[in-house]
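Student: My questions will all concern the structure given below.
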Amino acid sequence: MTYLHESPLRSHGNLKSSNCLVDSRWVVRISDFGLHELKFGADTGDNEMDFEKQCEKLLWKAPELLRDPSSPTSGTQKGDIYSFGIILYEIISRKGPYGHISMTPSEIIKCVIRKDQDPPFRPKVAKLYGSFDCVISCMQECWTEQPENRPDFKVINAKLRPMRRGMKPNIFDNMLAMMEKYANNLEALVDERTDQLNEEKRKTDALLYEMLPNLQGGRGGLVVSSRLRGRKILGWKPDSSENPPCMWAVA
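Sequential numbering of the sequence shown, starting at 1, is according to full-length UniProt numbering.
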C-alpha cells in the first residue's frame, strides 16, 4: 500500500479484506485497484442487488466518502487508511467488519455517517484488549473521524513492527510456525464446539425429564434390536389345538 500510494494511481479506493489475497508463498497481494476508469459507466449490477448487499460492500468505506456522493471513485489515501483499520479489526477479532455488533449493514452505515455521535460509531474493541495492544492502538488511529489525523502507511508499518518480534527470517520456518499455530487454534475450536455440544445435550436431557416422568426419562440407554422367528417342526403331532405344530423364538 505504501508503494501504491506513491505510484501514479495514488490510492486504492476499494480496499477491503476480500481484495487481500494470499499467494502460494503466504504473501498478501492487493487486488482490484486501478480499474475505476475501466469500470466507469459499466453495468455493475448494483441496481439489481439487494439493498443490504449494497450496504455490506460499503462497510470498509470512510465516513467522509460515504457522506459525499460526489467523492472520487478512485477514493483517497486517507480513505484507504480507514479501510485498513477495518481490516485490522477483522484480523484481530476473527470476525467480519463490525462483527461484534448485531445490526444490519444499512443500520451500521447510517450510524457511521452521523456526525453528532461522540465518540464516532466504530467496531467494538473492549473485548480485544490484552492481546496485540499495538494493533488495537494503530487500528483506532486509522479510523479516527478526522482524515488529516490518520497516519500514513509508513507510520503504520513502524507502529506494527512489534508484531514481527520473534519471527524467523526464513519464510519456510515462518510458514511451519504459522501452520503449527493454525493447528493449535483448530484444536481449541474443536474443544470449544465439543463443550457447546455437551451443553446442548445437557439442556436436551433436562427438557426430556421435564416432559416425561422420571421413570420413563431415566430408561434411556442402548436399544437392542430383536426379531420374532417362527419355525415349523416336521412330524409333530399335537395332542390338542393348544399345541400347534410351530415354535416361536426371540432372536
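Quick reminder that beta carbons are idealized off the backbone N, C-alpha and C, glycines included.
1. Roughly how many angstroms lie between the CA atoms of Cys134 and Leu160, to the nearest whole one?
2. To which residues does DSSP link Cys20 through a beta bridge?
3. Is the beta carbon of Arg122 sitting closer than 8 Å to the one on Lys78?
4. Using 8 Å as the threshold, is the C-beta distance between Phe132 and Met163 below it?
5. On the three-state DSSP scale, how would you describe His5?
6. Which whole-angstrom value is the C-beta distance of Leu15 and Trp60, which I expect to be below 8 Å?
7. Report buried or exposed for Ser137, applying the criterion of at least 16 other Cβ atoms within 10 angstroms of its Cβ.
8. Under the assumption that Ile101 contacts Leu58 (Cβ atoms under 8 Å), give the Cβ distance between them as a whole number of angstroms.
9. Can you give me the C-alpha to C-alpha distance between Leu212 and Arg202, rounded to a whole angstrom?
10. Could you give the residue range of the alpha helix (DSSP H) that holds Asn157?
11. Could you tell me whether the Cβ atoms of Gly85 and Ser93 are closer together than 8 Å?
12. Which same chain residues, not among the five before or five after Met175, have their C-beta less than 7 Å away from its C-beta?
13. In whole angstroms, what separates the C-alpha of Ile113 from that of Ala158?
14. Tell me the DSSP secondary structure of Ile91 in three-state form.
15. Looking at Pro105: is its Cβ nearer than 8 Å to the Cβ of Glu64?
16. Going by C-alpha distance, which of Asp50, Ser11 and Phe51 is nearest Asp32?
17. Is it right to say Asp80 is buried, meaning 16 or more other beta carbons lie within 10 angstroms of its own, or is it exposed?
18. Does the beta carbon of Cys142 fall short of 7 Å from some heavy atom of the ligand ZN?
19. Helix, strand or coil for Ile101? Go by DSSP, reduced to three states.
20. Among Leu66, Gly75 and Ser70, which has the Cα closest to the Cα of His36?
21. Let me know the secondary structure DSSP gives Val125 once reduced to three states.
22. Is Phe84 helix, strand or coil when you go by DSSP?
23. Rounded to whole angstroms, what's the CA-CA distance from Lys115 to Ala183? Just pull it up for me.
Tutor: Quick answer:
1. 7 Å
2. Ile30
3. no
4. yes
5. helix
6. 7 Å
7. exposed
8. Between Leu58 and Ile101 the Cβ distance is about 15 Å, and since that is not below 8 Å, they are no contact.
9. 15 Å
10. Phe153 to Lys159
11. no
12. Trp26
13. 30 Å
14. helix
15. no
16. Ser11
17. buried
18. As for the ligand ZN, it is missing from this structure, which has no ligand bound.
19. coil
20. Gly75
21. coil
22. helix
23. 44 Å
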